[in-house]
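Each step along the sequence shown adds one to the number in UniProt numbering, with nothing skipped, and position 83 is 83.
Inspection log for the structure reproduced underneath, given as structure tokens.
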Amino acid sequence: MSNTLVGKLTMPKVSTENSKTAAPRPADSRGSILGIWRLGKVIHQGETAELAYAQPADATGSPRWDYVVRRGIGENAIESLRQIQQFTACAQEVFHPNLIAVLDASESGTAPFLVMPRLDALTMHEHLNQQPRKPLPVGLWLVRQVAQALEAMHASGWVHGDVKPMNVMVGATGHVTLIDLGFAERVHCSPKRLFRGTPEYAAPETMTDKMVSLPASDIFSLGRILWQWLTRVEAASDLLLSPVAELVETMISPRPSDRPTAAHVTRQLLRLEIESLGCHIEPDKRRRRAA
């Protein structure tokens, strides 16, 4: 992407310092039983949640670990439980191919948990920072799938609350899944918690003490992701990047009311995807004709 186009986009400066202390690591749970599930290798641990591979408890000796259990951990049991509840409630109401599903859940007892399908995928963060640069239409296609998931959430009255590359999984075939609904809130709800999102991708209004959950806040976060893709894709010319940069500018508008809806973003990304794909295909056709 040219410096000229990058200069058109003034991204808000935010602090990314994290003052939270890590939760104490619980004892190794590998092999233990939780509900009807046997826990396997721990794959991630945060302040309030731990993720581990899982299999049905009666699958003794099976080498397959096709599920992931998220269970609450840490000293803040109330926040851990709240995230499990919000994650489950949202997943029970919103079904979409690009949104993570919940297969089982329990909010009772001392160990609340939920179960998801295991995804054979890399995070979008890894694709942006560790994988080879992709053609522009591929980057647009991946972001469009996130927009489709948000469109479904917003239509059902939910806001994701933490849209970022680490919360987007990209499979080997390019299928995208938006994950981690722990910060999901009802639209126009006043969250009963301090800010818990990711400052680098958070909309300005989410960092005020009078915040309410707005679909436009998710759009801002998605706009920052799309801006990152603009700097990491291969395009035939800057003429193809200009309309994408213009879309990003509207998505990261300071005023929530000036940002487009998820449905509009989906339509625009599809249009730009088709247009840029045509430009990538046409040069090959011309070369074949000349030969």
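Ideal Cβ placement from N, Cα and C applies to all residues, glycine included.
Just so it is clear, the structure is predicted and the values come from calculations on it, not from any experiment.
Partner residues in the beta bridge of M116, as assigned by DSSP, are V68.
Going by C-alpha positions, A59 is about 10 Å away from I36.
With a beta-carbon spacing of about 5 Å, L39 and A52 fall inside the 8 Å limit used to define contacts. Within the same chain, and ignoring the five residues on either side of E107 in sequence, the residues whose Cβ sits closer than 8 Å to its Cβ are L81, I84, Q85, T88.
Per DSSP, reduced to three states, the secondary structure at A203 is coil, with no helix or strand assignment. Residue range 168-171 is occupied by the beta strand (DSSP E) that includes M169.
With a beta-carbon spacing of about 5 Å, L178 and L99 fall inside the 8 Å limit used to define contacts. Shown here for P112: same chain residues with a beta carbon closer than 6 Å to its own, the five before and five after excluded, namely G72, L81, I84 in chain order. In the DSSP assignment, L239 falls within the unbroken alpha helix (DSSP H) covering 238-251.
Here R255 is exposed: its Cβ has fewer than 16 other Cβ atoms, across all protein chains shown, within 10 Å. Burial of G182 is indicated by the presence of at least 16 other C-beta atoms within 10 angstroms of its C-beta. Note: E50 is bridge-paired with Q45, R71 in the DSSP secondary-structure output. Excluding five sequence positions before and after R186, the CB atoms of its chain that fall closer than 8 Å to its own CB belong to G157, W158, V159, S213, given in chain order. Bridge pairing for K210: absent [DSSP].
Under a 10 Å Cβ-count criterion, D238 is classified as exposed, with fewer than 16 other Cβ atoms of the shown protein chains found around its own Cβ. As a beta-bridge residue in DSSP terms, V159 pairs with E185.
Inter-residue distance for V163 and Y201 is about 7 Å (C-alpha atoms, whole angstroms). Close CB contacts of P135 within its chain, under the 7 Å cut and outside five residues either way in sequence, are with V233, E234, H280 (chain order). Contact between V94 and L103 does not hold, since their C-beta atoms are separated by about 15 Å, which reaches or exceeds 8 Å.
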